[in-house]
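Read through the structure below, which is laid out as structure tokens, and then see the notes.
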Amino acid sequence: MDRMVERVYGMVFFGLGVGILWQGRDLTIGGFRSPGSGLFPVLIAVIMLVLSVLLMIFPPKKEGGGPSVSARSAVRISVVFVALLLYAFLLESLGFLIVSFILTSLLFVAFGSGSYWRAILKAGVFTGLAYALFEILLKSNLPHGLIGF
Amino acid sequence: MDLLHNLYTGFSVALLPVNLLFCFIGVFLGTVVGVLPGIGPAATIAILLPMTFGLHPETAIIMLAGIFYGTQYGGSTTSILVNLPGEASSVVTCLDGYQMARKGRAGPALGISAFGSFIGGTLSVIGLMFMGPWVARFALRFGPPEYVALMCLSIVILTFLSRGSMTKSLLSASLGIFVSLIGTDPMSGVQRYVYGSITLLDGVGIVPVVMGLFGIAEVLSTLEEKEVRDVFVSKIKGLLPNLKDWRESIGPITRGSIIGFLLGILPGGGTIISTFSSYALEKRLSRHPELFGQGAIAGVAGPETANNAASTSAMIPLLSLGIPSNVITALLLGALMIHGITPSSFLVTEHPHVFWGVITSMYVGNVLLLILNLPLIGLWVRLLKVPYGIIFPLILLLCLIGVYTINNNAYEIVIMLIFGGLGYLMRKTGFEPAPFCFAMIIGPILEMNFRQSLIKSRGDFSIFLTRPIAATLMGVALCLVIIQLLPKIAKKREGIASDEGV
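Just so you know, the sequences run in chain order A and B.
Residue numbering for the first sequence follows numbering that gives the first Met the number 0, starting at 0 and increasing by one per position.
Residue numbering for the second sequence follows numbering that gives the first Met the number 0, starting at 0 and increasing by one per position.
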């Protein structure tokens, strides 16, 4: 079973190698005498293909039984990850203060810090401190978004 | 006389008030992240990198290097008091350090590891002072093929020392090199794998990738576990080791300094392997090997000295050749380049204030660390009690702001998150992130030298095998790969499971 998982990893990398070759087909490889921009990617892709075949043929034994995550953890991790992605996409339109406050509130809840009110309170303090440090002290020019400051 | 003159140059840089301040900030932060499990020097340096843009290059490097060797001090505190290594390089310290703490000897354990670190670090700086310029002179004979061979060897050694399957580590490294090729080809100006993205035109940034792989991924994986920490709370007294402790430690400290120094210089080698080697050596030399694992002070003194000596001598390949030997020095290389300095064997002659300033700042840093770690030990113990629920949201927010402020570009955050997700998956599937990151940073230098070599030899690949230095380096790399294929040694290597200083 473990070995099967390793073979799947090998296949993923094999696919990646083929993908790199296919997507780089328009780059000039040039000759060895005057190597073009495509030569090195081809070389790396070939190394990747060879290694992935090796992994499929000789999968390592003791690598633990593949990935295992409890459903609860998986949900928590996905929620945090999606929240972080939303932060990136909403940062410039909503502004630093609003998105940071919402995100840190959620993070404090996710990392289990008592009641919701305490999480919101902490988030407020955190966001304020971060704003003071980066915007006022370091003049980082954070996006203002909806709020004028 | 030359050396005195150079030392004068160095100290006149390192002792400037602003450099002293940043050296202090560096070693202080280094101790903090060393104490805290979960965030390592790589992520910290990446977070702080954008903030150093406004500083002089030597000031920036002095601070960032301080973080690196500072973590080696801090890491031991957690190992001794909590039996939980703050850094991968202090795993060995848990064995005897925690046992000492349980027997009421936490004080001497902390004391000897601080003194050992100080002695190892300082001796290593002295070694660096003599070796650095010598290596740089030797490296003047290096042409592109030698650099290619050296970098191949670095990658092979790094994967050799990584935990788990070497095939997987090499795959991880090759993926790293591929990621480094995304963007505009510096030699021909052609766009590669950009797909019309403006953010990708300049290539995938080192900072977002490192923050993702080592910051975000780490936080994501801690979301899985329940917090279990048992801080050793009994009062710590008598930090100064007594005469008997010293007698038992002085040998391990001396040998640890030498082992650490030598292993630290190895390309791809590093702090972790030096701690294991030192521990094994002391156990073999000891008249009472049965005491190891039950609180032998030699088992704390040796490895703790070795990891500091190694983290200092790891600067030699960076400062003398411009080739990093691990992820951290690779980040420092990135920092130097951001400041417009391309490290090479000419660094000593072209930027003596950077070269000698950084080296002498390490003397200063080691003194500061000794002061920080002995009288202030109570502060670090208290820091250990700050719950993860506060620390991790803070780390995430710092990563998000830090990455955004590099170019005021929200897409950099997306890149960081993609690599955060990737780093998490790599951890779950047994692919090491360290070779990936290392290969990604040296990828562009590798490609450039590879192409220049071929142009020089008019397309003849034998250029890598006919020049003596290049041939030797390639030969060693090849041997390591072949050795790995022999099952007996492969098994042994897995035994020394290690994780490059991240």
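All C-beta atoms, glycine included, are put in the ideal place defined by N, C-alpha and C.
With 16 as the cutoff for other CB atoms within 10 Å, does residue i come out buried or exposed?
i      : result
I167/B : As written in the sequence, residue 167/B is Lys, which differs from the Ile given in the question. Buried.
F52/B  : exposed
I370/B : exposed
E349/B : exposed
V203/B : buried
M3/A   : exposed
L93/A  : buried
V32/B  : buried
K138/A : exposed
I444/B : buried
L3/B   : exposed
R104/B : buried
P34/A  : buried
V81/A  : exposed
D1/B   : exposed
Q483/B : buried
D184/B : buried
C22/B  : buried
Check whether the Cβ of residue i lies closer than 8 Å to any Cβ atom in chain A.
i      : result
G163/B : yes
Y387/B : yes
Y146/B : no
N448/B : no
A496/B : Low local confidence applies: a pLDDT of 46 at A496/B is under 50, so the model's placement there is unreliable, with the coordinate-based value given in what follows. No, A496/B lies away from the interface with chain A (no Cβ there is under 8 Å from its Cβ).
F463/B : no
V17/B  : no
V501/B : Reliability of the predicted coordinates at V501/B is poor, the pLDDT of 37 falling under 50, and no value is obtained from them.
D201/B : no
T166/B : yes
M50/B  : yes
V413/B : yes
E303/B : no
Measuring only between beta-carbons, confirm whether residue i sits less than 8 Å from chain C.
i     : result
G30/A : Protein chains in the displayed structure are A and B, and chain C is not among them.
Here's a check: name, in chain order, each residue in its chain whose Cβ is nearer than 7 Å to the Cβ of residue i, leaving out the five neighbours to either side.
i      : result
T121/B : Y362 and N365
M473/B : A148, C151, F463 and L464
S77/A  : none
L399/B : I412
A44/A  : G16, I19 and L20
A41/B  : V209, F213, V326, I327, L330 and V501
Which same chain residues end up closer than 6 Å to residue i when comparing Cβ atoms and leaving out the 5 residues on each side of it in sequence?
i      : result
L239/B : G110
A308/B : G119, S123, S256, G259 and F260
S456/B : I462
M415/B : P207, M210, G211 and V402
T176/B : Per the sequence presented here, residue 176/B reads as Ile, with Thr not at that position. Cβ within range, chain order: A438 and G442.
S78/B  : P84, S89, T92, C93 and G96
Hey, could you find the ends of the alpha helix (DSSP H) residue i is sitting in?
i      : result
M361/B : P351 to N372
Y192/B : That residue, Y192/B, is in no alpha helix (DSSP H); it is neither H nor E in DSSP.
F159/B : P143 to L160
N408/B : Taken as a continuous stretch (DSSP letters only), N408/B belongs to no alpha helix (DSSP H), as it is neither H nor E.
V68/A  : It is not in any alpha helix (DSSP H) - V68/A carries neither H nor E in the DSSP assignment.
R136/B : A105 to A138
A118/A : Y115 to Y130
I462/B : I462 to T465
L136/A : Element bounds for L136/A: n/a, residue is neither H nor E.
K167/B : M165 to L180
D1/A   : D1 to Q22
M186/B : Neither: M186/B is in no alpha helix (DSSP H) and is coded neither H nor E.
At the 8 Å Cβ level, is residue i part of the contact set with chain B, yes or no?
i      : result
I76/A  : yes
G14/A  : no
A131/A : no
I43/A  : yes
T72/A  : What sits at residue 72/A in the sequence shown is Ser, not Thr. Output row for S72/A: interface = yes.
M10/A  : no
L106/A : yes
Y115/A : no
V124/A : no
I19/A  : yes
Report all residues from its chain with a CB closer than 8 Å to the CB of residue i; omit the five preceding and five following residues, and keep chain order.
i      : result
M186/B : M447 and R450
P107/B : M99, G237, L238, L239, P240, N241, D244 and I296
G292/B : L94, D95, Q98 and G298
T505/B : The structure shown has nothing for residue 505/B, since chain B only spans 0 to 501.
Mind checking whether the beta-carbon of residue i lies closer than 7 Å to any heavy atom of the ligand MN?
i     : result
I56/A : With respect to the ligand MN, the structure shown offers nothing to examine, as it has no ligands at all.
(request) Please specify which runs of the alpha helix (DSSP H), each continuous and at least 4 residues long, are wholly inside the region 227–304 of chain B, giving them in chain order. (result) 242–264 and 270–284
(message) Restricting to runs no shorter than 4 residues, where is the alpha helix (DSSP H) found entirely within the region 7–94 of chain B?
(response) For the alpha helix (DSSP H) assignment, the uninterrupted runs of no fewer than 4 residues enclosed by the region 7–94 of chain B are, from N- to C-terminal side, 16–34, 40–47 and 56–81.
(request) Ignoring anything shorter than 4 residues or poking outside the region 421–454 of chain B, list the alpha helix (DSSP H) runs there in chain order. (result) none
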